[in-house]
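First residue of the sequence shown: 0, per numbering that gives the first Met the number 0; consecutive thereafter. Glycine included, every Cβ here is placed at the ideal spot set by N, Cα and C. This one's a predicted model, so the numbers in the text were calculated from it and none came from an experiment.
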Amino acid sequence: MNLIRKILFPFAILYGFITSIRNFLFDKRILKSTSFDIPVIAVGNLSVGGTGKTPQIEYLIRLLSDKYKIATLSRGYKRKSEGFVLADLTSNAEILGDEPFQFYQKFPNIQVAVDANRTNGIKQLLSQKNRPEIILLDDAYQHRKVKAGFYILLTAFDDLYADDFMLPTGNLRESRSGADRANIVVVTKCPKNLSDEKQEEIRLKLKLNCSQQIYFTFIDYDDAVYNEEEKIAVNEIISETKLLLAGIAKPKPFYDYLKNENDECLTFPDHHHFSETDLNNIQNKAQNKKIITTEKDYVRLKDARGISKLYYLPIKISFISHKQNFDTTILEYVKGDS
0 MNLIRKILFP FAILYGFITS IRNFLFDKRI LKSTSFDIPV IAVGNLSVGG TGKTPQIEYL
60 IRLLSDKYKI ATLSRGYKRK SEGFVLADLT SNAEILGDEP FQFYQKFPNI QVAVDANRTN
120 GIKQLLSQKN RPEIILLDDA YQHRKVKAGF YILLTAFDDL YADDFMLPTG NLRESRSGAD
180 RANIVVVTKC PKNLSDEKQE EIRLKLKLNC SQQIYFTFID YDDAVYNEEE KIAVNEIISE
240 TKLLLAGIAK PKPFYDYLKN ENDECLTFPD HHHFSETDLN NIQNKAQNKK IITTEKDYVR
300 LKDARGISKL YYLPIKISFI SHKQNFDTTI LEYVKGDS
């Protein structure tokens with residue numbers, strides 16, 4: 000924790016007090032939460048950024064979309080549109096935001112919508128002729144004006160909410176007690192070989208109640224990189240000199256998976272909008288070499304002027320154990336609430 004964050008500790012106490020009062024008012028139904036007559040699953044975290052919400056949403060889409068009509072609803076962070084937007088053939092990352100546009104491109108059989116007002120967004124989705132049967136709320140754990148039927152809380156293995164502090168001293172959006180609302184807690188970005196003993200240590204640290212389930216997942220990188228024309232195996236490209244580019248919260252594992260000693264890494268802030276200056280800088284550093292980026296950055300860069308030889312590395316989450324239990328819990332909730 001740096002000195003400035005330590006100095007701001009009194010503000011963290013104040014922020015924690017304000018968010019606790021807000022949660023108390025929602026818990027006591029003094030502030031209104033709206034529930035809906037279809038299954039609504041909210042995925043989110045207590046901290047800001049970097050817990051793996053996008054691959055978790057994609058996992059749920061794959062689990063559910065063969066049997067149900069699915070819609071995702073996101074805020075559309077840093078998009079240049081306003082209000083409710085339902086993705087269509089005219090949509091792009093600037094209109095939807097990078098992650099919703101990624102959902103739209105990867106899963107053409109689902110509806111993808113954005114609206115900062117999640118209550119209005121759900122109402123708009125339910126008014127569509129092709130009404131969804133399940134809505135997945137992306138990054139909506141603190142959006143308490145909607146009462147979801149099921150909550151999945153994510154926390155990163157190397158940045159557990161139990162070890163964190165309130166903003167601005169730490170990265171928590173609300174106090175650790177907010178975890179009590181979760182039906183399931185998923186510890187993300189774990190080592191693949193995480194021991195049973197370490198899992199038990201984390202369970203105890205998070206202090207979950209007896210009704211809550213906990214799962215441990217890791218990021219599973221694809222064995223190839225892609226663009227719209229071709230696929231190249233990672234083991235073929237790993238020794239080639241290339242430019243690695245990432246605009247995500249925690250890019251180190253991405254770099255570690257692909258990097259050799261001659262590669263250059265170019266890092267931008269999470270959800271970065273690439274300016275003309277950025278694009279020129281990327282071209283100058285690439286010098287006609289292949290550019291490998293994240294899937295989220297690819298949807299923003301693939302049509303950018305002058306950017307060539309651009310590829311992305313897909314990721315997904317995999318469960319260390321008890322995957323079937325997780326799937327069954329979700330499917331039973333959906334069936335019971337349908």
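Sequence-distant residues of the same chain with beta carbon closer than 7 angstroms to residue i, five excluded per side
i	result
F83	A112, D114, N119, G120 and Q123
A232	D222 and A223
D163	S46, G169, N170 and L171
Spatial neighbours of residue i in its chain, beta-carbon cut-off 6 angstroms, leaving aside the 5 residues before and after
i	result
Y297	Y311
E315	Looking at the sequence provided, one finds Lys at residue 315 rather than Glu. Taken in chain order, the residues that qualify are P54 and D219.
A139	A41, G43 and R117
Local Cβ density within 10 Å of residue i, reported as buried at 16 or more and exposed below that
i	result
C189	buried
D137	buried
F16	exposed
D97	buried
G246	buried
P107	exposed
F23	exposed
P9	exposed
E331	exposed
I6	exposed
K308	exposed
Q55	buried
K295	buried
T89	exposed
I3	exposed
K52	buried
E173	buried
G335	exposed
E57	buried
Assumed close pair residue i, residue j - CB separation to whole angstroms, cut-off 8 angstroms
i	j	result
I237	L257	7 angstroms
N129	Q104	Rounded, the Cβ-Cβ distance is 19 angstroms, inconsistent with contact.
A285	L242	5 angstroms
Proximal residues to residue i (C-beta, below 8 angstroms), its chain only, five neighbours per side dropped
i	result
Y14	M165, L166 and P167
E132	I37, P38, Y67, K68, I69 and S337
ask   = Are three or more beta carbon pairs between the stretch 172-184 and the stretch 68-75 nearer than 8 angstroms?
value = no
* Residue ranges of each beta strand (DSSP E) within the stretch 208-269, 3 or longer -> With a minimum length of 3 residues, the continuous beta strand (DSSP E) runs that stay inside the stretch 208-269 are 212-220, 223-225, 230-232, 242-245 and 263-266.
query: Should the stretch 202-221 be called in touch with the stretch 310-324, which here means at least 3 C-beta pairs below 8 angstroms?
result: yes
- request: Determine, using beta-carbon pairs with one atom in the stretch 39-51 and one in the stretch 191-204, whether at least three such pairs fall under 8 angstroms.
  value: no
- Query: Is the stretch 203-211 close to the stretch 154-161, with three or more CB pairs under 8 angstroms?
  - Reply: yes
- [ ] Would you mind listing the beta strand (DSSP E) stretches within the stretch 9-93 that are 3+ residues and don't spill past its ends, in chain order?
- [x] 39-44 and 69-73
At 4 residues or longer, and completely inside the stretch 291-322: list those alpha helix (DSSP H) runs for me, N to C. 294-300
*Specify whether the stretch 28-42 and the stretch 140-156 touch according to this definition: at least 3 beta carbon pairs, one from each stretch, less than 8 angstroms apart.*
The stretch 28-42 vs the stretch 140-156: in contact.
Check: Curious, which full-length beta strand (DSSP E) runs of at least 3 residues does the stretch 91-141 contain?
Finding: 110-113 and 133-137
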